[in-house]
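Step one of this worksheet: look at the structure below.
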Amino acid sequence: MRVNRRTTATVATAAVLGLTLAACGGGGTSGDGGGEGGGNEVEVFTWWAAGSEKAGLDALVGVFDEQHPDIEFVNGAVAGGAGSAAKDLLQTRLQAQDPPDTFQAHAGAELQDYIDAAQIEDVSDLYDEFGLADAFPADLVDRLSSEDGAIYSIPSNIHRANVVWANPTVLEENDIDPEAQYEDLDAWIADLEKLDEAGVTPISVGTTWTQVHLLETVLLADLGPEAYSGLWDGSTDWEGAEVTAALEDFETIMGLTNDDRDGLDWPEATQMVIDGSAAFNVMGDWAVAAFEEQDKVLGTDFTAAPVPGTDGTFDFLADSFTLPVGAPNPDGSKAWLETVGSLEGQVAFNKAKGSIPARTDADPAEFSEYQQTAIESFANDTIVSSLAHGAAAPVATLTAISDATSKFTTGAADLAGYQSELAAAAQG
Amino acid sequence: MLKKLRRVGPPLLLLAPSLILVGVFVYGLIAANFSTSFTDSHTAAQATRQKPTAFVWFTNYLDLLASEDFQHSLMNLLLYTVVFLVGTMVMGFLWAWMLEKPVKGEGLFRSVYLFPMAVSFVASGVVWRWLLNSNQDEQASGLNRLFQIVGLDVLQNNWWNNITFGIVAIAIPAIWQLSGYVMALFLAGFRGIPDELREAARMDGASEWKLYRHVLFPQLSPVALSALIIIGHMSLKAFDLIMSISKPANYQTKVPAVDMFVFKSSFDYANAAAVGSILLIIVALVIVPYLIRTNREEKR
Amino acid sequence: MTAAAEQLTAPRQAVGGPGPRVARSRYSLARTLRYAALIFFLVVVLVPVYVLLVTSFKGTGDADPSRAWALPQIWTLENWATAWTALSPSIVRTVAVVVPSAVIAAFLGSLNGFVLARWSFRGADIVFTVILFGMFIPYQAVMIPLTQLVLDLGIPTGVPTLILLHVVYGIPITTLIFRNYYATVPHELIEAGRVDGAGMLRTYWSIVLPLSVPSFVVVLIWQFTSAWNDFLFAVFFSSSQNGPVTVALNNLANGALLQNYGVSMAGALFASLPTLIVYIILGKYFVGGLMSGSVKG
Numbered sequence: 001m002r003v004n005r006r007t008t009a010t011v012a013t014a015a016v017l018g019l020t021l022a023a024c025g026g027g028g029t030s031g032d033g034g035g036e037g038g039g040n041e042v043e044v045f046t047w048w049a050a051g052s053e054k055a056g057l058d059a060l061v062g063v064f065d066e067q068h069p070d071i072e073f074v075n076g077a078v079a080g081g082a083g084s085a086a087k088d089l090l091q092t093r094l095q096a097q098d099p100p101d102t103f104q105a106h107a108g109a110e111l112q113d114y115i116d117a118a119q120i121e122d123v124s125d126l127y128d129e130f131g132l133a134d135a136f137p138a139d140l141v142d143r144l145s146s147e148d149g150a151i152y153s154i155p156s157n158i159h160r161a162n163v164v165w166a167n168p169t170v171l172e173e174n175d176i177d178p179e180a181q182y183e184d185l186d187a188w189i190a191d192l193e194k195l196d197e198a199g200v201t202p203i204s205v206g207t208t209w210t211q212v213h214l215l216e217t218v219l220l221a222d223l224g225p226e227a228y229s230g231l232w233d234g235s236t237d238w239e240g241a242e243v244t245a246a247l248e249d250f251e252t253i254m255g256l257t258n259d260d261r262d263g264l265d266w267p268e269a270t271q272m273v274i275d276g277s278a279a280f281n282v283m284g285d286w287a288v289a290a291f292e293e294q295d296k297v298l299g300t301d302f303t304a305a306p307v308p309g310t311d312g313t314f315d316f317l318a319d320s321f322t323l324p325v326g327a328p329n330p331d332g333s334k335a336w337l338e339t340v341g342s343l344e345g346q347v348a349f350n351k352a353k354g355s356i357p358a359r360t361d362a363d364p365a366e367f368s369e370y371q372q373t374a375i376e377s378f379a380n381d382t383i384v385s386s387l388a389h390g391a392a393a394p395v396a397t398l399t400a401i402s403d404a405t406s407k408f409t410t411g412a413a414d415l416a417g418y419q420s421e422l423a424a425a426a427q428g
Numbered sequence: 001m002l003k004k005l006r007r008v009g010p011p012l013l014l015l016a017p018s019l020i021l022v023g024v025f026v027y028g029l030i031a032a033n034f035s036t037s038f039t040d041s042h043t044a045a046q047a048t049r050q051k052p053t054a055f056v057w058f059t060n061y062l063d064l065l066a067s068e069d070f071q072h073s074l075m076n077l078l079l080y081t082v083v084f085l086v087g088t089m090v091m092g093f094l095w096a097w098m099l100e101k102p103v104k105g106e107g108l109f110r111s112v113y114l115f116p117m118a119v120s121f122v123a124s125g126v127v128w129r130w131l132l133n134s135n136q137d138e139q140a141s142g143l144n145r146l147f148q149i150v151g152l153d154v155l156q157n158n159w160w161n162n163i164t165f166g167i168v169a170i171a172i173p174a175i176w177q178l179s180g181y182v183m184a185l186f187l188a189g190f191r192g193i194p195d196e197l198r199e200a201a202r203m204d205g206a207s208e209w210k211l212y213r214h215v216l217f218p219q220l221s222p223v224a225l226s227a228l229i230i231i232g233h234m235s236l237k238a239f240d241l242i243m244s245i246s247k248p249a250n251y252q253t254k255v256p257a258v259d260m261f262v263f264k265s266s267f268d269y270a271n272a273a274a275v276g277s278i279l280l281i282i283v284a285l286v287i288v289p290y291l292i293r294t295n296r297e298e299k300r
Numbered sequence: 001m002t003a004a005a006e007q008l009t010a011p012r013q014a015v016g017g018p019g020p021r022v023a024r025s026r027y028s029l030a031r032t033l034r035y036a037a038l039i040f041f042l043v044v045v046l047v048p049v050y051v052l053l054v055t056s057f058k059g060t061g062d063a064d065p066s067r068a069w070a071l072p073q074i075w076t077l078e079n080w081a082t083a084w085t086a087l088s089p090s091i092v093r094t095v096a097v098v099v100p101s102a103v104i105a106a107f108l109g110s111l112n113g114f115v116l117a118r119w120s121f122r123g124a125d126i127v128f129t130v131i132l133f134g135m136f137i138p139y140q141a142v143m144i145p146l147t148q149l150v151l152d153l154g155i156p157t158g159v160p161t162l163i164l165l166h167v168v169y170g171i172p173i174t175t176l177i178f179r180n181y182y183a184t185v186p187h188e189l190i191e192a193g194r195v196d197g198a199g200m201l202r203t204y205w206s207i208v209l210p211l212s213v214p215s216f217v218v219v220l221i222w223q224f225t226s227a228w229n230d231f232l233f234a235v236f237f238s239s240s241q242n243g244p245v246t247v248a249l250n251n252l253a254n255g256a257l258l259q260n261y262g263v264s265m266a267g268a269l270f271a272s273l274p275t276l277i278v279y280i281i282l283g284k285y286f287v288g289g290l291m292s293g294s295v296k297g
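Protein chains in written order, with UniProt numbering: chain A, 1 to 428; chain B, 1 to 300; chain C, 1 to 297.
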């Protein structure tokens with residue numbers, strides 16, 4: 001009897017386990033490429049899940065399907081919101097050695113961690129194979145190369161960060177010439193203060209990363225392109241008087257921004273200019289999509305200009321694609337990278353997304369008015385790397401700078417403390 | 001020996017599936033977490049063993065606890081937890097107390113009060129970000145605007161953008177979401193009290209207050225304790241909420257769970273693990289006395 | 001207090017008191033106040049829901065924080081249509097995750113609860129503590145080893161992995177609720193079974209399980225809600241092609257540089273509907289289940 005009873009218990013236990021396993025095995029279709037290599041599909045991991053970014057991705061996939069009809073595109077897009085879920089997930093998958101076939105990353109220093117961790121492959125030979133070295137501007141290729149001269153990603157598009165957007169109606173109402181070309185920040189700040197006295201929000205800004213974005217353009221304006229670039233290779237002293245002066249300007253400008261900034265992301269900050277509740281907004285050129293979506297016309301409803309003091313400089317950032325170490329289907333990855341670098345791919349993608357091609361051989365006539373001006377500047381201006389978007393400094397440095405900036409702009413640190421935290425952050 | 005096995009064997013067999021799962025998925029991972037937290041793995045290269053890591057034991061913990069920023073996070077967590085617990089308990093009790101007596105439309109009130117639990121913060125985060133907008137006066141929107149509309153301008157404030165008490169504002173959506181659950185617990189507690197007890201007290205001429213003080217509250221205290229534990233463990237996971245209303249980089253709303261995320265996303269796995277362990281230890285300090293207490297009571 | 005009790009006590013007070021009229025007016029004043037307060041809180045709770053609802057019917061330019069309180073300028077169903085197309089396939093998958101995981105976790109919890117509460121053996125308390133502690137594990141910190149573990153087990157991502165994880169991390173709380181519930185089941189019932197010579201399992205099947213319905217309701221609701229609203233596991237162990245509704249909602253709400261608020265809010269409401277329906281259907285049993293002792297710590 002006893003034995004029987006125990007047997008029953010054992011059987012029951014086994015049944016429970018079986019039930020669990022059965023439930024686990026049944027149902028879902030097999031995963032997102034996790035684990036199973038082979039099959040001729042390519043999983044492309046991006047955070048372009050909706051809007052113009054998704055339209056761009058779809059256009060790129062259209063070209064990919066034409067160029068590589070035998071390879072199936074698998075969309076691994078995860079939206080970045082709610083805690084930058086996408087990057088968190090990507091990092092975890094790479095760490096667990098379950099990489100996608102290729103993933104989106106900002107070109108430049110942001111890749112350094114993946115390189116150090118031996119998670120992405122050198123793709124220099126693909127540049128030769130696809131003839132990309134000549135198609136991209138030499139300045140850009142320099143910036144993409146890591147210290148050892150190798151290149152780890154292929155850019156799909158270029159954005160400009162140092163753009164100031166303005167609402168001409170608001171400016172005219174307050175006797176400010178919308179066409180004014182400001183020599184430097186001081187001239188601009190004078191007008192901002194004038195707006196402030198008139199009771200208008202002179203300049204809108206959003207949460208921490210947009211504040212870092214503003215900081216970067218202020219540093220660029222006050223230090224000039226050379227000294228700004230020197231901040232990232234150690235040749236400019238973070239503790240120096242010039243940086244102090246720039247930070248003072250940053251403090252002044254932050255004092256002229258909206259109070260609810262920490263709760264806003266960039267579209268809401270830009271929206272303030274569109275609505276006329278703020279006069280200026282500093283944001284990258286993806287903001288043009290926000291204006292155009294609401295049928296605003298460049299030149300009449302809004303203006304776009306380099307941030308005062310940064311004329312002649314193109315503060316660049318780029319999205320790019322990589323070849324992860326241990327990609328399940330490396331041939332698929334290479335096929336995708338080929339499409340990304342190709343003229344057709346770059347034109348289709350950027351026409352839909354609103355950015356500009358990294359290639360110099362695209363015909364500007366195919367693009368919008370704003371894009372044409374950006375293409376021209378990119379070809380002629382001095383190019384520097386954006387901090388806020390991962391081109392200039394590795395992730396850890398950017399994180400430390402963001403933390404310090406938030407502490408400063410919420411009033412928990414003073415300027416001297418801020419400057420020394422920045423210096424410490426840049427040291428790594 | 002055999003007898004003992006017979007006594008202990010079957011229960012353990014029944015528990016086995018759960019124990020195996022919990023052993024692997026909880027304790028295995030906690031062990032992995034602790035072991036990472038004792039290393040100096042602060043860079044991406046170390047995380048993938050491209051560069052060596054060394055055991056530094058408690059260095060990460062000591063550095064964290066000594067840093068002003070982490071103390072700020074702990075302080076925020078404490079404030080948040082206190083406000084969240086008090087808020088849900090008070091609201092939940094109040095609602096249960098009002099619904100305890102027969103009320104027309106009880107079902108409606110109960111369902112509406114419970115409803116926020118059904119909405120995840122992935123979903124309602126945007127609304128709360130709007131509502132808790134810190135602009136005031138002419139530029140006000142969200143709740144500040146609502147206060148103006150109903151003529152309570154004095155209530156306007158900058159919500160979570162206050163550097164010291166901002167975190168308290170983040171507790172508001174959390175209270176909104178979970179008060180209904182606490183109400184259900186208390187309501188059940190009220191209904192579980194035998195009518196005879198109240199009758200007896202009334203017969204003795206006890207006032208309403210005395211009835212609550214001496215008869216009802218003591219009966220409700222186990223319910224309150226359960227509620228505290230369940231709500232308390234959620235406060236340590238305030239992560240989703242802070243992420244959807246504020247941003248991880250915003251200094252005013254930092255809590256340890258956010259620090260953990262920030263460390264992890266900049267490849268500083270050792271510090272991320274150390275923060276995780278500290279959270280776990282805090283939980284242990286709270287939960288173990290509770291368990292000892294419950295066990296002792298049951299033994300009595 | 002029941003209605004009958006109230007009727008009984010009210011006249012008794014009236015006899016020695018200052019007169020029925022005063023008593024009644026005080027009584028009705030209290031009642032009015034109570035209703036006023038109930039309605040006040042009803043409105044407060046619904047404030048965010050109001051914003052969600054009106055915004056979900058607004059067009060692109062209209063859905064803006066500055067106009068949060070205003071009714072739509074033009075009512076449009078477009079957002080709801082978009083949300084429906086984007087979310088409906090994932091709703092089905094969410095059900096496929098949530099229902100089995102809630103049922104299995106509840107069943108395991110009830111077994112554990114029964115054993116721990118009623119078949120006490122030496123060390124039962126320690127085993128309980130060990131299980132309960134799992135409730136407090138900081139998920140963020142263990143995501144990397146967890147991903148590794150799931151990968152090593154070779155379970156396909158998407159629905160199967162999510163079921164497993166929701167079961168595993170549901171065990172502590174379901175065990176807690178059932179154990180506390182079974183602690184209140186009269187000893188005699190179970191002892192009777194033992195004296196009969198019925199084994200543990202038979203006692204469980206024939207005596208305990210039928211008594212557990214109220215607790216099952218509580219546990220199922222809790223598990224259903226938390227699995228339905230889970231985002232962390234969902235985003236790590238599934239993709240937009242095979243994941244639950246929170247992932248689809250996140251892609252819908254946060255995928256674009258330019259967020260479409262109307263669509264996000266329609267999606268938010270749409271994704272909450274199934275949980276809401278469960279509450280409305282099971283709400284009465286929920287409180288009833290809690291009542292029958294399952295909350296007594």
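Glycine included, every Cβ here is placed at the ideal spot set by N, Cα and C. This one's a predicted model, so the numbers in the text were calculated from it and none came from an experiment.
**Asked** C:G134 touches chain B at which residues, Cβ-Cβ below 7 Å?
**Response** Close to C:G134, with beta-carbon spacing below 7 Å, are these residues of chain B in chain order: V22 and V26.
**Item:** Rounded Cβ spacing between C:Y50 and C:R118 (contact assumed at less than 8 Å)
**Value:** Going by Cβ atoms, the distance from C:Y50 to C:R118 rounds to 48 Å, so no, they are not a contact pair.
**Prompt:** For A:R93, which residues in chain C fall below 8 Å Cβ to Cβ?
**Reply:** Annotation: Cβ neighbours of A:R93 in chain C (cutoff 8 Å, chain order): T147.
**Whole-angstrom distance between C:V99 and C:F224, CA atom to CA atom** = Their backbone Cα atoms lie some 7 Å apart in a straight line.
**Prompt:** Do three or more CB pairs link the stretch 359-372 of chain A to the stretch 317-334 of chain A at distances below 8 Å?
**Reply:** no
**Request:** Look at A:A117 and A:V205 and say whether their C-beta atoms are less than 9 Å apart.
**Result:** no
**Item:** Cα-Cα separation between B:V286 and C:P138, rounded to whole angstroms
**Value:** 15 Å
**Message:** Would C:I207 and C:P172 be called neighbours here (beta carbons separated by less than 9 Å)?
**Reply:** no
**Asked** Which of the three DSSP states, helix, strand or coil, is assigned to B:T164?
**Response** The three-state reading of DSSP puts B:T164 in coil, since its state is none of H, G, I, E or B.
**Message:** Only counting the same chain, and skipping five residues up and downstream in sequence, which positions put a Cβ closer than 8 Å to that of A:L140?
**Reply:** Within the same chain, A:L140 has close Cβ partners P155, I158, F316, A318, A358 and I383.
**Message:** Counting only C-beta atoms, is A:T46 closer than 9 Å to chain B at any point?
**Reply:** no
**Asked** What does B:H42 touch in chain C if you count any residue whose Cβ is under 8 Å from its own?
**Response** Here the premise fails: no neighbours, minimum Cβ distance about 15 Å.
**Request:** Say whether the stretch 55-75 of chain B touches the stretch 119-133 of chain A, bearing in mind that this needs 3 or more beta-carbon pairs closer than 8 Å, one atom from each stretch.
**Result:** no
**Three-state class that DSSP yields for C:S240 in the structure shown** = coil
**Asked** According to the neighbour-count rule (16 or more other Cβ atoms, all chains shown, within 10 Å of its Cβ), is B:S207 buried or exposed?
**Response** exposed
**Request:** Would you kindly check if the distance between the Cβ of B:W176 and the Cβ of B:I167 is under 9 Å?
**Result:** Not in contact: B:I167 and B:W176 (Cβ atoms no closer than 9 Å).
**Request:** Taking C:T85 as the reference, give the member of C:G243, C:Y261, C:F270 and C:A70 with the closest Cα.
**Result:** C:F270
**Asked** Who are the Cβ neighbours of C:I77 in its own chain at under 8 Å, not counting the five residues just before and after it?
**Response** It is Leu, not Ile, that sits at residue 77 of chain C in the sequence shown. Here the set comprises F57.
**Request:** Would you decide whether A:A12 is buried or exposed? Buried here means 16 or more other CB atoms lie within 10 Å of its CB.
**Result:** For A:A12, the pLDDT reaches just 40, beneath the cut-off of 50, and the residue's location in the model is therefore unreliable, although a value from the coordinates is still provided. Buried: at least 16 other Cβ atoms inside 10 Å.
**Prompt:** Going by beta carbon distance, what residues of the same chain come within less than 6 Å of B:S73, once the five residues before and after it are set aside?
**Reply:** K254, V255, P256 and D259
**Asked** When we look at the beta-carbon of B:A45 and count the other beta-carbons within 10 Å, is it buried (16 or more) or exposed?
**Response** buried
**Message:** Check this for me: beta carbons of C:F216 and C:L162, under 9 Å apart or not?
**Reply:** No, these two residues do not count as a Cβ contact at 9 Å.
**Request:** Give the residues from the stretch 249-262 of chain B that approach chain A closer than 7 Å (Cβ to any Cβ), ordered along the chain.
**Result:** A249, N250, Y251, Q252, F261 and V262
**Item:** A:T92 (DSSP reduced to helix, strand or coil)
**Value:** In the structure shown, A:T92 sits in a helix (DSSP, three-state: H, G or I).
**Asked** Within 10 angstroms of its Cβ, does C:S101 collect 16 or more other Cβ (buried), or is it exposed?
**Response** buried
**Message:** Restricting to Cα atoms, I'd like to know which of C:P244, C:V103 and C:F114 is closest to C:M200.
**Reply:** C:F114
**Request:** Give every residue of the same chain whose Cβ lies closer than 8 Å to the Cβ of B:F190, excluding the five residues on either side of it in the sequence, and list them in chain order.
**Result:** A96, W97, E100, L216 and L220
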